[in-house]
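Worksheet: one structure, shown below.
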Amino acid sequence: MHSSVDAPTVVLFQYRMFHYRREFVDRLRDKLLAAGVKLELVYGQAFGDERLKKDEADVSWGHKVRNFYFPIKEKKDLCWQPLPAAVKHPDLVIVMQENRLLSNYHWILQSKLGRTRVAFWGHGRDFQSRAKGGWRERWKASMIGAVDWWFAYTAMTVGVLAEAGFPTDRTTLLNNSIDTEGFRHDAKSVPAARLDELRLALDIDPGAPVGLFCGSLYPDKKPEFMIAVADLIHRRCPQFRFIVIGDGQSASIMRDAAATRPWMHCVGAKHGVDKAALFKLASFVINPGSVGLHVLDAFALSLPMLTTKTALHGPEIAYLEHGKTGFIVEENVQVFADHALELIQNPASAALIRANCHEASLEYTVEKMAARFADGIVRCLREVPKSRNAGLQFWCADTDSAV
Numbered sequence: 038m039h040s041s042v043d044a045p046t047v048v049l050f051q052y053r054m055f056h057y058r059r060e061f062v063d064r065l066r067d068k069l070l071a072a073g074v075k076l077e078l079v080y081g082q083a084f085g086d087e088r089l090k091k092d093e094a095d096v097s098w099g100h101k102v103r104n105f106y107f108p109i110k111e112k113k114d115l116c117w118q119p120l121p122a123a124v125k126h127p128d129l130v131i132v133m134q135e136n137r138l139l140s141n142y143h144w145i146l147q148s149k150l151g152r153t154r155v156a157f158w159g160h161g162r163d164f165q166s167r168a169k170g171g172w173r174e175r176w177k178a179s180m181i182g183a184v185d186w187w188f189a190y191t192a193m194t195v196g197v198l199a200e201a202g203f204p205t206d207r208t209t210l211l212n213n214s215i216d217t218e219g220f221r222h223d224a225k226s227v228p229a230a231r232l233d234e235l236r237l238a239l240d241i242d243p244g245a246p247v248g249l250f251c252g253s254l255y256p257d258k259k260p261e262f263m264i265a266v267a268d269l270i271h272r273r274c275p276q277f278r279f280i281v282i283g284d285g286q287s288a289s290i291m292r293d294a295a296a297t298r299p300w301m302h303c304v305g306a307k308h309g310v311d312k313a314a315l316f317k318l319a320s321f322v323i324n325p326g327s328v329g330l331h332v333l334d335a336f337a338l339s340l341p342m343l344t345t346k347t348a349l350h351g352p353e354i355a356y357l358e359h360g361k362t363g364f365i366v367e368e369n370v371q372v373f374a375d376h377a378l379e380l381i382q383n384p385a386s387a388a389l390i391r392a393n394c395h396e397a398s399l400e401y402t403v404e405k406m407a408a409r410f411a412d413g414i415v416r417c418l419r420e421v422p423k424s425r426n427a428g429l430q431f432w433c434a435d436t437d438s439a440v
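Just add 37 to the spot in the sequence shown (first one is 1) and you have this note's numbering.
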């Protein structure tokens with residue numbers, strides 16, 4: 038596209054760098070270099086309760102900056118993320134679609150002045166909002182059309198954008214993913230002796246059914262419901278064991294429960310091979326609360342996931358097909374436990390669902406996501422001139438309804 042001297046610069050902002058994004062940003066950078074585009078990654082640090090999740094990582098070639106947080110009594114604190122001095126005159130700025138990221142409005146204004154292009158990467162709406170008609174969601178909807186391009190998490194997001202009137206020819210469907218290939222590689226590298234050690238340490242008999250939860254622990258994950266389900270499964274199948282991977286503000290609820298249940302084990306946050314080893318012990322994943330990218334961890338190791346219809350799911354819930362790759366059931370302990378017990382008691386049915394999970398894992402990969410993202414970036418740089426917004430009034434859909 039360009040020589041190395043005049044290669045366009047794209048800045049990707051992440052308010053904090055999640056560990057599961059490292060492989061993605063590395064692959065995206067390589068694909069853009071091959072296309073003659075320079076990628077600059079800018080990321081900050083967690084704040085408040087988010088620090089308890091222990092889910093951050095560093096990227097050697099990225100720019101780590103100090104975010105400025107402004108605490109408010111809301112779901113999340115306001116945040117300003119600066120552009121480092123080493124990065125100058127970006128041709129495209131990609132930001133997360135979050136109302137609270139104050140720096141987003143600066144970049145949208147720069148786009149309107151014809152100084153850069155700006156794109157949203159996000160969900161389209163807050164799928165986990167408890168006030169879907171509230172002013173925050175109306176404001177978010179009003180900002181959908183304020184950018185030059187959209188990188189949509191899933192097909193659900195594409196539908197939200199189309200309904201809001203955003204042009205489909207300036208929308209890139211990503212099928213948001215994580216490094217499932219790397220996770221499978223980690224799992225294959227776990228020696229049999231390590232699995233035997235874990236079974237001994239966790240009191241898991243050979244062939245015993247194991248339920249597993251993996252993710253950040255907070256109220257939307259329904260920890261009390263999860264414990265009640267595990268209790269019922271164990272009551273009806275005493276060999277059942279339950280492993281909880283993760284940390285967060287609700288971790289103490291799970292640890293307190295495990296203290297009185299020798300068949301339940303809370304192991305804290307785990308990554309890489311350590312996490313993969315625990316997944317290899319599992320028969321299925323119990324996640325009655327919000328479903329996000331961890332559904333792909335389950336698929337990667339051919340594990341069915343069970344969740345509830347009433348949870349405030351992320352857009353990745355679109356990947357979980359009831360009866361095919363797992364179960365999405367009523368928020369009822371008995372019903373939930375019955376479906377888990379069906380997987381335990383009907384090996385043929387469980388084997389079919391596990392095969393479907395494997396097939397799904399081949400569709401939702403970080404390699405395909407990075408390729409789609411890179412293609413969308415190149416198209417945006419080619420098809421959207423910086424000057425197209427210069428001198429125009431700030432435009433966003435249905436502004437009057439936003440306040």
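Cβ atoms here follow ideal geometry from the backbone N, Cα and C, with glycine treated the same way.
Check: Contact check, L249 vs F316, beta carbons under 8 Å; Outcome: yes
Check: Proximity below 8 Å, CB of H100 to CB of V79; Outcome: yes
Check: Option nearest F203 by Cα separation, candidates A189, M301, K75, K258; Outcome: A189
Check: Own chain residues within Cβ distance below 8 Å of A295, not counting five before or after; Outcome: V281, M301, H302, C303
Check: 6 Å Cβ shell around R64 - same chain, five flanking residues per side excluded; Outcome: A407
Check: Cβ pair V266, A199 closer than 8 Å; Outcome: no
Check: Buried or exposed (CB count within 10 angstroms, at least 16 for buried), N104; Outcome: buried
Check: Backbone CA spacing between N141 and K149 [nearest angstrom]; Outcome: 13 Å
Check: Stretch-stretch touch, CB-based, cutoff 8 Å, three pairs: the segment 335-353 with the segment 309-326; Outcome: yes
Check: Pair within 8 Å by beta-carbon distance, T344 and V328; Outcome: yes
Check: C-beta contact flag for E218 and E404 at 8 Å; Outcome: yes
Check: Three-state secondary structure assigned by DSSP to G413; Outcome: helix
Check: G285 and K90 closer than 8 Å at C-beta; Outcome: yes
Check: Any 3 or more C-beta pairs closer than 8 Å across the segment 380-400 and the segment 119-136; Outcome: no
Check: In DSSP terms, what H302 is bridged to; Outcome: I280
Check: Per-residue DSSP class, three states only, for F50; Outcome: strand
Check: V47 vs E77 beta-carbon contact at 8 Å; Outcome: yes
Check: Element boundaries [alpha helix (DSSP H), containing M291]; Outcome: 288-296
Check: Of the residues V62, A72, L70, V102, the one placed nearest Y52, counting alpha carbons only; Outcome: V102
Check: Closest residue to G73 among P422, K423, D412 (Cα-Cα distance); Outcome: D412
Check: D206 versus T191 - alpha carbon distance; Outcome: 16 Å
Check: E400: first and last residue of the uninterrupted alpha helix (DSSP H) it sits in; Outcome: 384-400
Check: Close-in-space but distant-in-sequence residues of the same chain around K113 (CB under 7 Å, 5 per side omitted); Outcome: R137
Check: Nearest to H308 (by Cα), restricted to the options M54, D92, P299, F84; Outcome: D92
Check: 7 Å CB neighbourhood of I414 in its chain, flanking five on each side removed; Outcome: V47, L69, V74, L129
Check: Collapsed DSSP secondary structure at Y80 in the structure displayed; Outcome: strand
Check: Burial state of I270 (16 or more Cβ within 10 Å); Outcome: buried
Check: V366: first and last residue of the uninterrupted beta strand (DSSP E) it sits in; Outcome: 363-366
Check: Span of the alpha helix (DSSP H) around V155; Outcome: Element bounds for V155: not the alpha helix (DSSP H) but the beta strand (DSSP E), 154-159.
Check: I241 versus A230 - alpha carbon distance; Outcome: 14 Å
Check: Cutoff 7 Å; reference R273; Cβ partners in own chain excluding five residues on either side; Outcome: L378
Check: Which listed residue (Q371, Y255, N212, P275) has its alpha carbon closest to that of L349; Outcome: Y255
Check: Secondary structure of V74, DSSP reduced to three states; Outcome: coil
Check: Counterpart residues of V130 in DSSP-defined beta bridges; Outcome: V48, V155
Check: Among G360, V96, E368, nearest to L389 - alpha-carbon criterion; Outcome: G360
Check: Cut-off 7 Å between Cβ atoms - residues of its own chain near N393, not counting five sequence neighbours on either side; Outcome: K361, T362
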